[in-house]
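Top to bottom, those sequences are chains A and B.
Residues in the first sequence are numbered from 183 upward in steps of one, following the working numbering.
Residues in the second sequence are numbered from 183 upward in steps of one, following the working numbering.
For every residue, glycine included, the Cβ atom is placed at its ideal position computed from N, Cα and C.
Read through the structure below, which is laid out as structure tokens, and then see the notes.
There are 2 protein chains.
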Amino acid sequence: MNYCSHCGRPVVLKVPPGDNLPRHVCEACQTIHYQNPKIVAGCIPEWEDQILLCRRAIEPRTGFWTFPAGFMEAGEDTAQAAARETLEEAKASVEIASLYALLSLPHVSQVYVVFRGTLRNLDFGAGTESLEVQLFPWDKMPWDRLAFPVIHEALARYVEDRRRGQYQLQVGVVARRIPSE
Amino acid sequence: MNYCSHCGRPVVLKVPPGDNLPRHVCEACQTIHYQNPKIVAGCIPEWEDQILLCRRAIEPRTGFWTFPAGFMEAGEDTAQAAARETLEEAKASVEIASLYALLSLPHVSQVYVVFRGTLRNLDFGAGTESLEVQLFPWDKMPWDRLAFPVIHEALARYVEDRRRGQYQLQVGVVARRIPSE
């Protein structure tokens, strides 16, 4: 951030009075610009013993697999955002079942909110951000071709829960990076 | 948003190619400025049959009660953010126990991530954003003096769970506004 989005003058990085962290501050109009973590809403879409994954058509990590997930929009709730991403990336309609994981990525200031969802039917296909969309048996994930560490972590926990026969809410931190981060 | 925070030129509101929502776009440097929901991390600090609440010293809703909660910072995880807010607002040290609620406020583009926490001791007091800090028995909340609908909703669910003797993860939407919203 170089300029004030409110008045267009240059900003400075300083600790505002009463605060304890440096912020981008406009000394012309006094606006303080906070930078906050972003929410990525995702869905693990289930169909009997399979889950639906998408192969990414966009950078970063084009060609690698993920479950549908993307930045939550203003004016949505978290479950809506997860269902919307599933529709956009996999052209699939899900009924959101339950919250499955809340995973923080402090190194990139993101929080993944991941739901389990039930596919309403087998009508799916590649959205504009996907190369292809495919059902995988839950015990045959494409482990070496997953897009991000957080996707690996969420699916590893999911598969372990499924093996045990009981889902447990997963709250954690994923600090690993992909090479490009 | 009026100006590009990257180059300082005026932005326009338009739907970028391949997108389906209007964004603030800089036609000089091509930066697209997304506006995403913010995470509010909160904690219900427990001490036997009581929980610790803070009376707000700042606007909005000065003088009304809340559990410790505030905007998550870049570089934190959600549990850290909840513990930090508890330390800042109530000068209290908590051990985060479990995620209790994920409540979306689409009308203000916020998501509350609320943990249950256990007070490590009874050493607490009013931080700079609090007028006073006080333990309340869980069945004697100051219902008519709570700061926000989301605080009311989270505590109402908490008290009901406590009455039943079993905590259940709460995922929901709180669309009600305070008069000033």
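- Scanning F297(B), R346(B), K322(B) for the CA closest to the CA of L281(B) turns up F297(B).
- When DSSP states are grouped into helix, strand and coil, A357(B) belongs to the coil group.
- By the rule that beta-carbons nearer than 7 Å mark a contact, P288(B) touches chain A.
- Taking a contact to require three or more Cβ pairs closer than 8 Å, the region 308-325 of chain A and the region 224-239 of chain A qualify as touching.
- Chain A places no beta carbon closer than 7 Å to that of A279(B), leaving this residue out of the contacts.
- Residues of chain B with a Cβ closer than 8 Å to the Cβ of H188(A) are, in chain order, M183, N184, Y185.
- For G299(B) against T268(B), the beta-carbon gap comes to about 6 Å, under 8 Å, which counts as contact.
- Rounded to the nearest whole angstrom, the CA to CA distance from S275(A) to V207(A) is 44 Å.
- In this chain, E258(A) is not harboured by any alpha helix (DSSP H), its DSSP state being neither H nor E.
- Listed along the chain, the chain A residues whose CB falls inside 9 Å of the CB of I214(B) amount to none; the nearest CB is some 12 Å away.
- For Q352(A), the closest C-alpha among the options R359(A), R344(A), Y340(A) is that of Y340(A).
- Per the C-alpha coordinates, the member of R344(B), I214(B), A210(B) positioned closest to D201(B) is I214(B).
- When rounded, the separation of the alpha-carbon atoms in Q348(B) and N218(A) is 33 Å.
- At least one CB of chain B lies nearer than 7 Å to the CB of S291(A).
- Taking every protein chain shown into account, the CB of T260(B) has 16 or more other CB atoms within 10 angstroms, so this residue is buried.
- Here the alpha carbons of A279(A) and A256(A) stand approximately 22 Å from one another.
- Of all residues in the region 253-274 of chain B, only F253, M254, E255, A256, G257, E258, D259, T260, A261, Q262, A263, E270 place a beta-carbon less than 9 Å from a beta-carbon of chain A.
- DSSP places L351(A) in the coil class of the three-state scheme, outside both helix and strand.
- In chain order, I221, A223, A263 place their CB closer than 6 Å to the CB of M254(B), counting only its own chain and leaving out the 5 sequence neighbours on each side.
- DSSP places E277(B) within a strand segment (E or B) once states are collapsed to three.
- Chain B has no Cβ within less than 7 Å of the Cβ of K196(A).
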